[in-house]
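Enquirer:
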Amino acid sequence: MDIITSLIDRIYDASFPPAALHRLRAQIDDARERIRYQRKPHWDEKDVVLITYADQFREDGTATLTTFTRFYQQHLQTTFNLVHLLPFFPWSSDDGFSVIDYHRIDRHCGDWQDIARLHQHTRLMFDFVCNHISAESRWFKGYLAQDPRWDDFFISIPPATDLSAVTRPRTSPLLTPFTLADGETRFVWTTFSADQIDLNFANPEVLIDMMAVLLDYLQKGADYVRLDAVGYMWKTPGTSCIHLEKTHQLVKLMRAVADEVAPGTVILTETNVPHKDNISYFGNGTDEAQMVYQFSLPPLVLHAIHYGSSRALKQWAASLDANSGSTTFFNFLASHDGIGLNPLRGILPETEIVSLVRDLANEGALISYKNNPDGTTSPYEINVTYMDALNKKDDDDDTRLRRFMLAHALLLAFPGVPAVYVQSLLGSRNDVEGVRRAGYNRAINREKYSLGDIEQALTDPATLRHRVFNAMRELIQVRQRQPAFHPDNPLKILESENTLLVMQREAPGSGDTLLCIYNLSEKAMSYALPDDRLYRNVINGKRMNKAGPLSLAPCDYYWLQAE
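In the UniProt record's numbering, the protein residues as written are 1 to 563.
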C-alpha cells in the first residue's frame with residue numbers, strides 16, 4: 001500500500017469510499033503530469049524570505065501585484081530570494097484569512113498571470129488557509145441553502161454540548177448560530193470568528209476539494225506552502241481539538257502529495273503554541289512539515305533587548321534541538337499577526353510575561369486576550385510593529401535604529417531560514433489610525449501604502465525608513481555570503497555575562513566559523529575573545545586587534561571570522 005492510501009486509511013479508519021479515493025488519485029495524477037517547474041532541492045544560507053501582502057503598494061489604475069513586482073525587481077531582488085505573499089484571494093475579513101474562493105485572485109491584486117510574472121523573478125510562498133473558509137463563500141452559502149453538495153462540509157453541534165475542553169485561541173464564541181433555508185437554526189463551529197467557518201475534514205468530500213486547492217497552488221508554482229491555523233483542522237468533541245493525531249496525519253498527507261507531484265516543495269506549519277507542540281509538526285523528520293515557525297524567537301528577542309539581559313534567550317537557545325538536515329526553523333521577528341505570547345509560557349514565568357505586556361501597553365502596544373478553560377482570560381498577543389515594540393515613544397531615531405538592527409542581527413544568525421516582514425523592512429511605526437478605521441488590534445501592523453509615498457521616503461536620507469531599509473538590505477546580503485549561516489549548521493552558545501549573547505555558527509568540515517557577539521544592554525561592554533587570533537568583522541570588513549578585549553557600544557554586535 002502506498003503512503004497516500006495508507007494515510008487516508010488511518011485518517012478515515014479504512015472507511016474512505018473507493019470512488020472518492022479514485023477521484024483523489026486522478027487529481028494527483030493529473031497534477032503530476034502538468035507540473036514542470038523544478039523546485040530548489042534544499043535550503044541554504046542565501047535563502048531569506050520577505051513576508052508581504054499582495055496589495056502592499058498601490059498605484060492608480062494598476063493591479064497591486066504588478067506594482068509589487070516592479071518594486072521587488074527595483075529594490076529587493078538581490079536581497080530576498082523568496083516572497084511570502086499573504087492571502088491574495090477574494091476575502092471577507094481578517095485581511096485575507098477569510099477566503100471566499102481559494103482558486104481566484106482578488107481583482108484588486110490582479111490575476112494568475114501576475115503571479116506567474118512575479119514568479120519569474122523570485123520563488124513564492126502561498127498561504128493554504130486550510131482550517132476555515134469565509135461565510136461569504138459559495139461553499140457555506142450552499143450549506144445555508146441546504147444544497148446536498150455542501151451538506152456535511154461544516155460542523156454543527158447542539159449548543160448544549162460540553163465543549164469546555166476545546167482550546168480557545170480567541171474570546172469569540174466557539175459556536176455561531178446560522179439560519180438555514182428552511183428556517184432551522186444550526187450552531188456552527190467557528191474557531192476564529194463568525195465569518196471564518198471551520199471545515200469538516202471528517203467528510204471525505206472536504207478532503208478531496210481541499211486537496212484540489214493544494215494541487216492548484218502547486219501547479220501555480222508555490223515553492224513553499226504555509227498551512228494556516230493547521231493545528232485545529234480535526235475536531236473531536238470532548239478533546240482539546242488542537243494537535244490531534246488525525247491533524248498530524250492530514251499534514252503528513254499533504255506532505256506526501258506535495259512530494260509526489262512537486263518534489264522540493266516545503267510545507268510550513270503555522271502553530272503559534274508552546275515550543276514542544278510546535279516542533280511536533282516535524283513528525284519523524286521526514287514525513288511531516290519540513291519547516292515550523294520559530295514562534296519563541298520574536299518575544300524572546302524582544303524580552304532580551306527590553307530588559308538588557310540575554311538570560312532567557314541564552315537558556316532557550318542552548319536547548320534548541322539541532323536541525324536534522326531534513327527539517328529546519330522558519331525564523332522571524334514580526335509578521336502580519338502580533339507577537340505571540342503562548343510560546344513564552346514554559347520559558348518565562350507568567351509574572352515576567354505580564355510585566356513585559358504592561359510595559360509595552362504603556363508605550364502604545366495593544367494587547368489581545370484568549371479565553372482559558374477555567375473562565376479566566378490571558379494575554380496571547382502583543383499588537384505592535386517590531387520597531388515600536390523595541391523602543392519607547394520618546395526615543396530618537398538613532399536609538400530606534402540601533403535596537404532594531406541589533407534584533408535583526410540576532411534573527412539572521414540563528415539556525416533556520418530567516419524571514420522579514422515588510423513593515424520591518426520599511427521601519428514602520430504603529431498605525432494607530434489604521435486600528436481606528438479597521439476596528440481590530442492587528443491593523444496596527446498592517447498598513448498599506450501608496451508606492452509614491454514609500455519611494456519618496458526611501459530616497460530621503462533623513463527618514464527612518466531610508467535608514468532601516470538600506471541597513472537591513474546590507475546586513476541580509478552580508479549574511480547570504482557566509483556559509484557558516486547555512487540553516488543546517490549547528491549553534492553553540494558560549495559563556496558570557498547576561499548583558500551579552502555570544503554564539504558560534506560553524507560549517508562542519510569546511511572551517512567556516514563565525515563568532516557572533518551581541519551587547520543587549522544600553523551601556524558599553526567588553527568581551528574577551530576566546531583565543532589569541534586575528535578576527536575580521538564580516539559586517540564591515542574591519543580587522544579586530546587581538547590585543548585586549550573586544551569593546552562593544554550599547555546595542556552593538558559583531559560577526560567575527562577568525563583569520
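From the three backbone atoms N, C-alpha and C, an ideal C-beta is built for every residue, glycine too. For clarity, every value in this text was computed on a predicted model and none was experimentally measured.
1) List in chain order: all unbroken beta strand (DSSP E) runs of 3+ residues lying wholly within the region 65-89.
2) Just curious, the alpha helix (DSSP H) that residue 531 is in, first and last residue?
3) With a threshold of 6 Å on Cβ separation, who are the neighbours of residue 466 within its own chain once the five nearest residues in sequence on each side are excluded?
4) Quick one: what's residue 537 bridged to in DSSP?
5) Measuring alpha carbon to alpha carbon, tell me which of 503, 298, 561, 518 ends up nearest residue 490.
6) Based on the DSSP secondary-structure assignment, which residues constitute the bridge partners of residue 171?
7) Can you name the residues that DSSP bridges to residue 354?
8) Use the C-beta contact count for residue 424: other C-beta atoms within 10 angstroms, 16 or more gives buried, fewer gives exposed.
9) Which runs of the alpha helix (DSSP H) fall wholly inside the region 94-161 and span at least 4 residues, in chain order?
10) CB residue 179 to CB residue 188, shorter than 8 Å?
11) Do you know whose CA, among 57, 482, 357, lies nearest residue 450's CA?
12) Beta-carbon within less than 7 Å of residue 282's beta-carbon, same chain only, minus the 5 sequence neighbours each way: which residues are those?
13) Across which residues does DSSP place residue 52 in a beta bridge pair?
14) Hey, would you say residue 406 sits closer than 8 Å to residue 471, going by beta carbons?
15) Rounded to whole angstroms, what's the CA-CA distance from residue 98 to residue 200? Just pull it up for me.
16) If you run the structure through DSSP and keep just helix, strand and coil, what is residue 245?
17) Does the Cβ of residue 275 have 16 or more other Cβ atoms within 10 Å, making it buried, or fewer, making it exposed?
18) Could you tell me which residues DSSP pairs with residue 379 in its beta bridges?
19) Assign residue 235 to buried or exposed, taking buried as 16 or more other Cβ atoms, counted over all protein chains shown, within 10 Å of its Cβ.
20) Quick one, are the C-beta atoms of residue 416 and residue 343 less than 8 Å apart?
21) Please determine if the region 215-228 and the region 266-275 are in contact, where contact requires at least 3 C-beta pairs separated by less than 8 Å.
22) Can you name, in chain order, every residue of its own chain whose Cβ lies under 6 Å from the Cβ of residue 414, other than the five neighbours on each side?
23) Just to confirm the assignment: which complete beta strand (DSSP E) runs, minimum length 3, are found wholly within the region 207-236?
24) Count Cβ pairs between the region 428-437 and the region 39-48 that sit closer than 8 Å; are there 3 or more?
25) Verify whether the separation of the beta carbon atoms of residue 21 and residue 253 is less than 8 Å.
26) Considering only residues of the same chain and omitting the five flanking positions on each side of residue 10, which have a CB-CB separation below 6 Å?
27) Roughly how many angstroms lie between the CA atoms of residue 379 and residue 559, to the nearest whole one?
28) How many angstroms separate the CA atom of residue 375 from the CA atom of residue 500?
29) Let me know the beta strand (DSSP E) ranges lying completely inside the region 289-333, each 3 residues or longer, listed in chain order.
30) Indicate whether the contact test is met: 3 or more Cβ pairs, each with one atom in the region 355-373 and one in the region 163-175, closer than 8 Å.
31) For the beta strand (DSSP E) that residue 492 lies in, which residues bound it at each end?
32) Measure the C-alpha to C-alpha separation of residue 513 and residue 493 and round it to an integer number of angstroms.
33) Going by DSSP, which residues form a beta bridge with residue 476?
Expert: On the basis of the coordinates in this document:
1) 82-85
2) By 1-based counting over the sequence shown, the position of residue 531 is 531. Run containing residue 531: none; DSSP gives neither H nor E here.
3) By one-based count along the sequence shown, residue 466 stands at place 466. So the qualifying residues of the chain are 458, 460.
4) Position 537 of the sequence shown holds residue 537. 560, per the DSSP bridge assignment.
5) Stepping through the sequence shown from its first residue, residue 490 is reached at position 490. Minimum Cα distance to residue 490 is reached at 503.
6) On the sequence shown, position 171 is the one that residue 171 refers to. According to DSSP, which records beta bridges pairwise, residue 171 is partnered with nothing at all.
7) On the sequence shown, residue 354 is found 354 positions in, with the first residue counted as 1. BP columns for residue 354 are empty, so no partner.
8) The residue given as residue 424 occupies position 424 in the sequence shown. When all chains shown are included, residue 424 counts as buried.
9) 112-119, 138-144
10) For this step, residue 179 is matched to residue 179 along the sequence shown. For this step, residue 188 is matched to residue 188 along the sequence shown. Taking 8 Å as the Cβ cut-off, residue 179 and residue 188 do not qualify as a contacting pair.
11) The residue labelled residue 450 in the question sits at position 450 within the sequence shown. Answer by Cα proximity: 57.
12) Here residue 282 refers to the residue found at position 282 of the sequence shown. Closer than 7 Å at Cβ, skipping near neighbours: 288, 289, 292, 327.
13) Looking up residue 52 in the sequence shown gives position 52. Its beta-bridge partners are 85.
14) By one-based count along the sequence shown, residue 406 stands at place 406. By one-based count along the sequence shown, residue 471 stands at place 471. No, the Cβ-Cβ distance between residue 406 and residue 471 is not below 8 Å.
15) To locate residue 98, count along the sequence shown from 1; it is residue 98. To locate residue 200, count along the sequence shown from 1; it is residue 200. Taking the straight line from one Cα to the other gives about 16 Å.
16) For the purposes of this step, residue 245 is taken as the residue at position 245 of the sequence shown. In the structure shown, residue 245 sits in a helix (DSSP, three-state: H, G or I).
17) By 1-based counting over the sequence shown, the position of residue 275 is 275. Residue 275 should be labelled buried.
18) Here residue 379 refers to the residue found at position 379 when the sequence shown is read from its first residue. BP columns for residue 379 point to 369.
19) Sequence index remark: in the sequence shown, residue 235 carries index 235 (1-based). When all chains shown are included, residue 235 counts as buried.
20) To locate residue 416, count along the sequence shown from 1; it is residue 416. To locate residue 343, count along the sequence shown from 1; it is residue 343. No, the Cβ-Cβ distance between residue 416 and residue 343 is not below 8 Å.
21) yes
22) Here residue 414 corresponds to residue number 414 of the sequence shown, with the count starting at 1. Only 331 meet the Cβ criterion.
23) 224-227
24) no
25) By 1-based counting over the sequence shown, the position of residue 21 is 21. By 1-based counting over the sequence shown, the position of residue 253 is 253. In this structure, residue 253 does not lie closer than 8 Å to residue 21 by Cβ.
26) The residue you call residue 10 lines up with position 10 of the sequence shown. Closer than 6 Å at Cβ, skipping near neighbours: 249.
27) Residue 379 sits at position 379 when you count from the first residue of the sequence shown. Residue 559 sits at position 559 when you count from the first residue of the sequence shown. So the two alpha carbons sit approximately 36 Å from each other.
28) In the sequence shown, the residue the question calls residue 375 occupies position 375. In the sequence shown, the residue the question calls residue 500 occupies position 500. Residue 375 and residue 500: Cα-Cα distance of roughly 41 Å.
29) 291-293, 328-331
30) yes
31) The sequence position of residue 492 within the sequence shown is 492, counting from 1. Unbroken beta strand (DSSP E) run through residue 492: 491-494.
32) Stepping through the sequence shown from its first residue, residue 513 is reached at position 513. Stepping through the sequence shown from its first residue, residue 493 is reached at position 493. Those two C-alpha atoms are separated by around 13 Å.
33) Counting from one through the sequence shown, the residue named residue 476 turns up at place 476. In DSSP, residue 476 forms no bridge with anything.
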